[in-house]
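The listed protein sequences derive, respectively, from chains P and U.
Under this note's numbering, the residue at position 56 of the first sequence is numbered 56, and the numbers go up by one with no gaps.
So the mapping is simple: this note's numbering equals the position in the second sequence, first residue as 1, plus 1000.
Below is one structure, written out as structure tokens, with a few remarks after it.
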Amino acid sequence: MNGLITFLAWRPFLEPLMFFQERWYWLLPPLAFAVALVWKALKLPTLERLWIETIKLTVTIVLAMAGAGVFLWILTESV
Amino acid sequence: MEGKQVEEPLIPPFVYATLAAWVLPGLGHILLGHTRRGVILLISLTSLYVSGLLIGGLSVIDSISIEGAEGGRVAKQNNLWYYGQVMFNPVTLAINSWHQGQKLDRDGRQGRPESLLPPQPGRDGKPAAYEPSLGRVNELGTLYCTLAGVLNLLAIIDLIGRSSAPAPAVAGRGRIVQREGVA
């Protein structure tokens, strides 16, 4: 209920969405999807396989980011 | 048979398409005949930019960042992220202009060159003009908006490449373009 009241009191564009302060990682897959979609829309010679290629690239980006995060965590913990 | 000389336009069409792509992402591709690509770019880039503004608020568009405070003086520097955001659309310039105008200086005066502080709520209980975002939401909001601008730059570069490439012959839907006098 408190969350609903907070959301109803939120002024779009004038206040940040504090919901994502703790859940910032939820925003990374949509970001990867948008980057993949734009990249494929520009690079594919025809747009027939656009959505399949976009999803493949999105998964690749998300896995690469997760892998880079794990690697850097191991590096910082071991040094 | 001698061919007629086709006059080259004074300003190449790709210049108009490039300006159109900056005013409205995807419009350049639409003007060059790549309608589906243009619509996809328009929807995806605009969604990315608007999402960034919703996540972090308008304060993510900021041409000046605060470097640090030393001896009572606040050092400011140009925010490099802003240059990426400007590449999306001229609206970024307007948002930044509004944002700088809302900032306060130490005496509470608004819109002065030395104003770096966010606005405060009014004494009558009126909320501040905007709430500055901090931490993760500011980072991700800034990243969303800057990526929208950088991807639009990529789209503009693609546009220039497409406009300078020879038009392919397409049977049926497209039209075959030939220079006059060439068999």
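Backbone N, C-alpha and C fix where the C-beta goes; we use that ideal spot for every residue, glycine too.
Check: residue i C-beta below 7 angstroms from any heavy atom of the ligand MG
i: P:ARG49; result: The ligand MG is not among the ligands present in this structure, which contains no ligands whatsoever.
Reduced DSSP category for residue i - H, G, I as helix; E, B as strand; rest coil
i: P:ASN2; result: helix
i: U:ILE1095; result: helix
i: U:ILE1176; result: Annotation note: pLDDT 43 at U:ILE1176 (below 50); position unreliable, coordinate value reported separately. Coil.
i: U:SER1063; result: coil
i: U:ASN1152; result: helix
i: U:VAL1170; result: The pLDDT assigned to U:VAL1170 is 47, lower than 50, so where the model puts this residue is not dependable; a value taken from the coordinates is nonetheless given after this. U:VAL1170 falls in the coil class under three-state DSSP.
i: U:LYS1103; result: coil
i: P:PHE7; result: helix
i: U:PHE1014; result: helix
i: P:ARG49; result: coil
i: U:HIS1034; result: coil
i: U:GLU1131; result: coil
i: P:PHE13; result: coil
Closer than 8 angstroms to chain U by CB, residue i
i: P:PRO12; result: yes
i: P:LEU4; result: no
i: P:TRP24; result: yes
i: P:LEU8; result: no
i: P:LEU27; result: yes
i: P:LEU47; result: yes
Short CB-CB distance (under 8 angstroms) between residue i and chain P
i: U:ASP1062; result: no
i: U:ALA1094; result: no
i: U:TYR1082; result: no
i: U:GLY1028; result: no
i: U:SER1097; result: no
i: U:ALA1155; result: yes
Neighbour list for residue i in chain P, Cβ cutoff strictly below 9 angstroms
i: U:GLY1033; result: The premise fails here: U:GLY1033 is roughly 14 angstroms from chain P at the closest Cβ pair, so nothing lies under 9 angstroms.
i: U:TYR1130; result: ARG11, PHE13, LEU14, GLU15
Paired residues, beta bridge with residue i - DSSP
i: U:ASN1138; result: Per DSSP, none; premise fails for U:ASN1138.
i: U:ASN1078; result: U:ILE1064
Of the residues the options, the one placed nearest residue i, counting alpha carbons only
i: U:THR1018; options: U:MET1087, U:ARG1136, U:ILE1064, U:SER1063; result: U:MET1087
i: U:LEU1151; options: U:TRP1081, U:THR1035, U:LEU1045; result: U:LEU1045
i: U:LEU1134; options: P:PRO30, P:TRP24, P:GLU48, P:LEU75; result: P:TRP24
i: P:TRP26; options: U:VAL1137, U:ARG1162, U:LYS1103, U:LEU1147; result: U:VAL1137
i: P:ILE55; options: P:LEU44, P:LEU42, P:LEU37, P:ILE74; result: P:LEU37
i: P:PHE20; options: U:GLY1038, U:SER1051, U:ASN1078; result: U:SER1051
i: U:ALA1148; options: U:GLY1101, U:TYR1083, U:ALA1128, U:SER1097; result: U:TYR1083
Partner residues on chain P for residue i, Cβ-Cβ distance less than 8 angstroms
i: U:SER1044; result: ALA34, LEU37, VAL38, ALA41
i: U:LEU1058; result: PHE13, LEU14
i: U:ILE1055; result: PRO16, LEU17, PHE20, LEU27
Contact set between residue i and chain U, taken where Cβ atoms lie within less than 8 angstroms
i: P:PHE71; result: Neighbours of P:PHE71 on chain U: none; closest Cβ ~21 angstroms, over 8 angstroms.
i: P:LEU63; result: None at all; the shortest Cβ gap to chain U is about 19 angstroms.
i: P:LEU75; result: None at all; the shortest Cβ gap to chain U is about 21 angstroms.
Where residue i meets chain C, residues with beta-carbon distance less than 9 angstroms
i: U:ASN1138; result: Checking the listed chains, one finds no chain C in this structure; the protein chains it contains are P and U.
Contacts of residue i in chain U (Cβ-Cβ under 9 angstroms)
i: P:LEU31; result: LEU1048, SER1051, LEU1140, LEU1143, TYR1144, LEU1147
Interface partners of residue i on chain P, CB under 7 angstroms
i: U:GLU1041; result: What sits at residue 1041 of chain U in the sequence shown is Leu, not Glu. Within chain P, the residues near U:LEU1041 are VAL38, ALA41.
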